[in-house]
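Read the structure below first, then the notes.
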Amino acid sequence: MNVRANDAALAAANRAAPALAWLLGDGLRCKGIEALVGKFSQHLTAAGIPIDRLVVSVRVLTATVIARSYGWRPERGTSTTTFDWAERDLGLYERSPFKVVHEKREWVDLKLSETPDEAFGIVPDMRAEGFTHYIAMPMEFASGTTNIMTVATKHSGGFDADMLEVIRILLPALTAAVELRALDEIMREVLAIYVGAEPAKHILSGSVHRGEIHRISSAIMFVDMRDFTRRTQRMSADETAELLNRYYDCVVPHVEANGGSVLKFIGDGILAIFPDGEGGAAVSTHAALTAARAALASVPGACPSGKAPFEIGIALHHGEAAYGNVGSGERLDFTVVGRDVNLTDRVGRLNKKLGIPLLLSDAFCCQLDSPVESCGHHTVASFDDVIEVFQPV
């Protein structure tokens, strides 16, 4: 390396030093990737790099979202955009520089005045906005995934070699900081996907000791599909999964839209709670009943011609949901236990017997401010007392 190259490398290192110190210090404590991207962009600008658009795109692990992009523009500040699997199917990814970066793990450097429109789908739009230079670069996570940062400028000369060297110096530290935040977000999201939002909060707060139980006063919902075993005995595994997903789509969105949390999928059963919260039992029971009615109303639309039809039964009870860690050794399950959960299940077993799709327990009705009709007194398995059940009018 000649003296001039040495001087250029030293100048780039000195220019990058403040941003690098921030990334390895306060940057690691940023609350979320969006905040990290915003602050980092400001540090690049302070280093004399004419950033007019910076985006960090990170692959995520959720059931519906494939990636999130965290962007910054000087005139707009920061923003977060999500991309779902359906958008990938539209072919946008195939026409994007991202595909090249993911496959080749190398920089895509576009001088936009010299790049034909057909090279990538973004080129005409970027040029129309006045951008002159666009670069997409890989961010290699320790986990093995390749994520991406893009920078773009409207500066007439684009990014020069010295500017790009500063970015090259900072990229590994930025990648490490983003990965830390991404791992935290992935852990929270994946845990919520598999155990539910409320249990996930308890687990992440340190509730991982066997036998540790949390109790919460709530409306409790149990849903199941009528005659699931009979309906699926001649179905393939794929057909059964498709049926279950259509069924779950009738219930889960309405539970969540009304403030509830799905705690368990038990075969064709769904267990959910609606915590009393500040509004008390009157609010939680109303929310649960609203969700139940909406779920039942969704079923006909989920059974189009050519698809296996199904019916559901819903039981609602109000009481104490007790959930926590049970298991053995290092293998635990965060599950729901207790008398009130069992009683909700038993009320649900009366749906088919009585031919009524929505049944309410006496304890639920006592908290409910709407008319109900008695469906009689019944004995149920494992409970000594006869219980009375109701249906909404």
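Count along the sequence shown from 1, add 123, and you get the number used in my numbering. Glycine included, C-beta positions come from ideal geometry on N, C-alpha and C.
So is residue i in contact with chain E if we call contact Cβ pairs under 8 Å?
i: Val-516; result: In the structure shown, chain E cannot be found, because there is only a single protein chain.
Put residue i into one of helix, strand or coil per three-state DSSP.
i: Met-272; result: strand
i: Ile-156; result: helix
i: Asp-207; result: strand
i: Leu-412; result: helix
i: Glu-401; result: helix
i: Ser-505; result: coil
i: Ser-421; result: helix
i: Arg-539; result: Limits of the chain in this structure are 124 at one end and 516 at the other, which puts residue 539 out of reach.
i: Gly-148; result: coil
i: Gly-450; result: strand
i: Ala-170; result: coil
Counting C-beta neighbours from all protein chains within 10 Å, is the total for residue i 16 or more, i.e. buried, or is it exposed?
i: Gly-390; result: exposed
i: Trp-208; result: exposed
i: Ser-384; result: buried
i: Leu-306; result: exposed
i: Thr-352; result: exposed
i: Pro-322; result: buried
i: Arg-95; result: One cannot answer for residue 95 here, as it falls past the ends of the chain, which runs 124 to 516.
i: Leu-147; result: exposed
i: Glu-241; result: exposed
i: Arg-138; result: buried
i: Val-503; result: buried
i: Asn-368; result: exposed
i: Thr-276; result: buried
i: Met-358; result: exposed
i: Tyr-317; result: exposed
i: His-500; result: exposed
i: Leu-473; result: buried
i: Phe-506; result: exposed
i: Ala-410; result: buried
i: Pro-141; result: exposed
i: Glu-252; result: exposed
i: Cys-489; result: exposed
Could you spell out the range, first to last residue, of the beta strand (DSSP E) harbouring residue i?
i: Gly-392; result: 392 to 398
Could you give the first and the last residue of the continuous alpha helix (DSSP H) run that contains residue i?
i: Asn-465; result: 462 to 477
i: Asp-485; result: 485 to 489
i: Leu-386; result: Per DSSP, Leu-386 belongs to no alpha helix (DSSP H); it is in the beta strand (DSSP E), 384 to 389.
i: Asn-368; result: 360 to 380
Kindly identify the DSSP beta-bridge partner or partners of residue i.
i: Arg-182; result: Ala-190
i: Ala-445; result: Arg-338, Val-460
i: Trp-195; result: Leu-177, Thr-201
i: Gln-514; result: Glu-496
i: His-440; result: Ile-343
i: Ile-435; result: Met-348
i: Arg-138; result: Per DSSP, none; premise fails for Arg-138.
i: Leu-143; result: DSSP, once it has assigned bridges, lists no residue as partnering Leu-143.
i: Ser-428; result: Answer is none; Ser-428 lacks a bridge partner.
i: Leu-133; result: Paired residues: none, contrary to the question.
i: Leu-481; result: Ile-437
i: Leu-455; result: Gly-450
With a threshold of 7 Å (Cβ to nearest heavy atom), would residue i be considered close to the ligand FMN?
i: Leu-294; result: Looking at this structure, you won't find the ligand FMN or any other ligand, since it has none at all.
message: Just to confirm the assignment: which complete beta strand (DSSP E) runs, minimum length 3, are found wholly within the stretch 211 to 281?
response: Within the stretch 211 to 281, the complete beta strand (DSSP E) runs of at least 3 residues are 231 to 234, 256 to 263, 269 to 276.
task: Jot down the residue ranges of each uninterrupted beta strand (DSSP E) in the stretch 276 to 348, minimum 3 residues, whole runs only, in chain order.
output: Taking only runs of at least 3 residues, the beta strand (DSSP E) segments lying wholly in the stretch 276 to 348 are 336 to 348.
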